Structures are given as structure tokens and as C-alpha cells.
Amino acid sequence: MKKRVYSGIRATGRLHLGNYLGAVKGMLALQDYYDCIFSVVDLHTITVPYDPKTLKQSVREIVLDYLAAGLDPQKCHLEIQSKVPQHTELAYLLSTIYPVSRLEDLPTYKEKRAQYPKYVNMGLLYYPVLMAADILLYKAEVVPAGADQEPHIEVTREIARKFNSMFGNTFPQTERFETEGQYVPALTGQGKMSKSLEGSFINLTDDLETIRKRLASAPTDSGTLSGQIPKEGGVANLFMLLKLFESDSVYNKFEQDYREGKIRYSEMKNVLAEAIYNELKPFQEKRMEFKENSELVDSILDTSLAECHRMSEETMREVREKMGLR
Ligand code: TYM
């Protein structure tokens, strides 16, 4: 049997370059070789404030992004998490074997608690258990995801070990699949590119003008410094993006300019904007085609869903039996 691969993205708006480079590129690399399930995790989306009126549309946008990016329904299954209720059933069962204290210590929980102090709900604390259930429901051994997901994947391994020791060998030890862009920095110069940080991201659907504008407001230094490229901050982040989108020779030219103290950031940002847009243009064209063909998208989702139900029910029958529930 082929190894299983699972990954998911929350429906918090359009995909940005961080999602694309950290997660989707990994999905694309794996779909040719493994049995893959790629999800829109709407149940994770609702752990922070959201608008129920637009959630369905947001889920659809991510499905379009997936298809346009090249996830091929002939090679992988596309899932909408809430349509496979086995996720929540397994999450509940797994929550009974995992300590609350460990969940309270996880970085995402602490971050979100600080970000939404009036919205600290059970779902937020439970988030990593649901994520472990997502992965283990399909017994996935590989998860293409950004570096920020590592603590959650560690939780998944811990839960799998605990389950196996209590109820007999059932789940694999999951590993994260790392891409070159596993950590895409924010345009703001601090932290990672993130949908919740205004000014930090470029969306996959942005046109050239928007990309230019977004890059224009990314901070730089005075331009007269010489020496090594700094390890963090606006300049470091621009160089990191340049490395991800441009050839070595273009990167080396700007690096040399920097070292010699003659860098012109407007020129560098222009080159970077075009390189990013050139990578996104075919995606945007394909997205338009899928958007106009909603029957095709619906039928892709229906076929995938049936297969996801079959696979997840197989695991659940085993889990219920091992836990003495059948
Ligand atoms: P989410 O929706 O925050 O992000 C989706 C994917 O994008 C990656 N990512 C990044 N990678 C590199 N640089 C960045 N700046 C950047 N920003 C986001 C994330 O690492 C992620 O891979 N908990 C997950 C969703 C999830 C999931 C799962 C993932 C639920 N169940 C099971 C994998 C397997 C999340 O919030 O991702």
C-alpha cells in the first residue's frame, strides 16, 4: 500500500505566498507518489472570530486555489473537513487520552489567546487534538506543512504513541515534509507572513500592481550600509523572498550591490514583484477557468468525499473496536 499523506489549510481568506510555499508546494511534490488527502479545515477556521455568512464561500475559495495551484483530483483527494464527521468523532476519542496541561503550553494556543483575549474557547485549546485526528484518521505518515506546524505534528506523534501503547498498534509516527519555503517571512519585517497580520502578505490572486504596492511598503534600511545581509528584519526578508523567486545570478547581483553599499531597493522590489507575478500568472488564469466551471468543481468534491468517507470509516471501525465501543 502507498504511504498516506494529509494536509489542510484553514478557510481564512485567499491563500498567500506563505501557504503556497510552505504547504501547497509540498502537496504538489507529493501527489505524484503517495496516496494524498488535502483538506480545507473549516472546523479549525471557526476557533477564532469568523463570519458564518461568508464561511462557505471562503471554503470554496480555498478549493479553487488548490485546483488552480495544480492539485490534481486524478492524483489526490480533496476534502472539506466538516463533511467528514469522523474527524470530530476521532478527535473526541483522542482527547480522552491527552493531558490538558500539554495543550495549554502550545505556541499557537498562547498566540491566539493573546490575539483574541475575549474569545478563548474550548475549540482553541482542542485545536491540536482535532489536527492530530485529521492526520491519524487517514493514518497519514507524511504532512506537507510549514515550520509553524511542527509543534502540532509533535502532538500528533505523542497521541499516536499513547494510543498504540494503550490499545495496540494502530497509528504511524507522522513526519512533516519540509519545503524550501517552509518559513516565509512577513513583508513587515517581523515574524512570518500571516493572514492575520495586515501588510505582511501577498495573496496568490494579487495582480502585479498590488504586489508592487505591497512590496513598496516593506521596510528596508537606508541603503548605505555595507557588509553582510542582516539575519532578520525587512532587508533580510526581502532577500529571502528574492532567493525563493529569482535565479541565483539575480540574487547574487543584489547581494553584491548590498555588500558594496550601492543597493537600490526600488529596483530590487521591482524585480521581485515581477518574479512573483510571473509565478502566479498561470495560477490566476487556471483559477478563473475553475471558477467558471462550478459543476466540475462540485463533481470533483463529491467523488473525493465518497472516497474520504470510505477511508475514514475504515479507521474508525478499528478505533471504536479497540477502545471497547463496539
Ligand atoms: P494554516 O491555515 O495557518 O496554514 C496553512 C498552511 O500554510 C503554512 N503556512 C506557512 N508556511 C510557510 N511560511 C508561512 N509564513 C506560512 N504561513 C502559513 C502552514 O504551516 C500550513 O501548512 N493547523 C493548520 C491547519 C491544519 C492542518 C491539519 C495542517 C488542520 N489540520 C492537518 C496539516 C495537517 C493551520 O492552521 O494552517
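If you count by the numbering used here, then the sequence shown holds residues 3 to 328, one letter each, in order. In this text, a Cβ means the ideal position worked out from N, Cα and C, and glycines have one as well. Model, not experiment: these values are computed from the prediction.
Provide the residue(s) that pair with residue i in DSSP beta bridges, ordered along the chain.
i, result
"N205", "H18"
"V145", "R178"
"S259", "It should be pointed out that residue 259 corresponds to Asp in this sequence rather than to Ser. According to DSSP, D259 bridges with nothing at all."
"P187", "K194"
"G10", "S41"
"T81", "The identity of residue 81 in the sequence shown is Glu, whereas the question assumes Thr. Bridge partners of E81: S41."
If residue i sits next to residue j, beta carbons under 8 Å apart, how far is it from one beta carbon to the other, in whole angstroms?
i, j, result
"R12", "T56", "The Cβ separation is near 14 Å, so there is no contact."
"F169", "A162", "Between A162 and F169 the Cβ distance is about 11 Å, and since that is not below 8 Å, they are no contact."
"P187", "N239", "4 Å"
"E106", "L126", "Wrong, their Cβ atoms sit about 11 Å apart, outside the cutoff."
"V321", "L92", "6 Å"
"L189", "R216", "6 Å"
"P153", "L108", "6 Å"
"L2", "H89", "No answer is possible for residue 2: the residues shown for the chain start at 3 and end at 328."
Measure the alpha-carbon distance for residue i versus residue j and round it to whole angstroms.
i, j, result
"V7", "M195", "25 Å"
"V237", "P54", "39 Å"
"V1", "D37", "Here the chain covers residues 3 to 328 and nothing more, so residue 1 does not appear."
"E276", "L210", "7 Å"
"K293", "P221", "35 Å"
"V131", "K112", "16 Å"
"Q184", "N21", "9 Å"
"D34", "K5", "12 Å"
"G326", "Y94", "15 Å"
"S9", "G263", "43 Å"
"A134", "A71", "26 Å"
"L307", "E63", "17 Å"
"F40", "R319", "22 Å"
"G235", "G191", "4 Å"
"S251", "Y260", "14 Å"
"T317", "E323", "10 Å"
"T110", "P284", "34 Å"
"R175", "R159", "One detail in the question is off: residue 175 reads as Gln in this sequence, not Arg. Roughly 5 Å between the two C-alpha positions."
"K77", "L69", "12 Å"
"P75", "P87", "21 Å"
"D367", "T181", "Outside the shown range of the chain, which is 3 to 328, sits residue 367, and nothing can be said about it."
"P101", "K288", "45 Å"
"Q230", "S268", "20 Å"
"V122", "S103", "15 Å"
Just to confirm the assignment, what range does the beta strand (DSSP E) spanning residue i have?
i, result
"R319", "Note, R319: premise wrong, no beta strand (DSSP E); alpha helix (DSSP H) at 296-324."
"Y128", "Here Y128 belongs to no beta strand (DSSP E); instead the alpha helix (DSSP H) covers 124-139."
Taking Cβ positions, are residue i and residue j nearer each other than 8 Å?
i, j, result
"L82", "L303", "Reading off the sequence, residue 82 comes out as Ile, not Leu. Yes, the Cβ-Cβ distance between I82 and L303 is below 8 Å."
"Q117", "S202", "no"
"V42", "V26", "no"
"I32", "P146", "The residue you asked about is not Ile; residue 32 is Leu in the sequence shown. A contact, by the Cβ cut-off of 8 Å."
"L246", "L30", "no"
"S60", "G15", "yes"
"F165", "L96", "yes"
"S314", "Y140", "yes"
"I213", "I265", "no"
In the DSSP assignment, the alpha helix (DSSP H) including residue i goes from what residue to what residue?
i, result
"G28", "27-32"
"I64", "54-71"
"G170", "It is not in any alpha helix (DSSP H) - G170 carries neither H nor E in the DSSP assignment."
"Q88", "88-97"
"Y118", "Note, Y118: premise wrong, no alpha helix (DSSP H); not H, not E."
"T212", "210-218"
"S103", "102-106"
"M242", "236-247"
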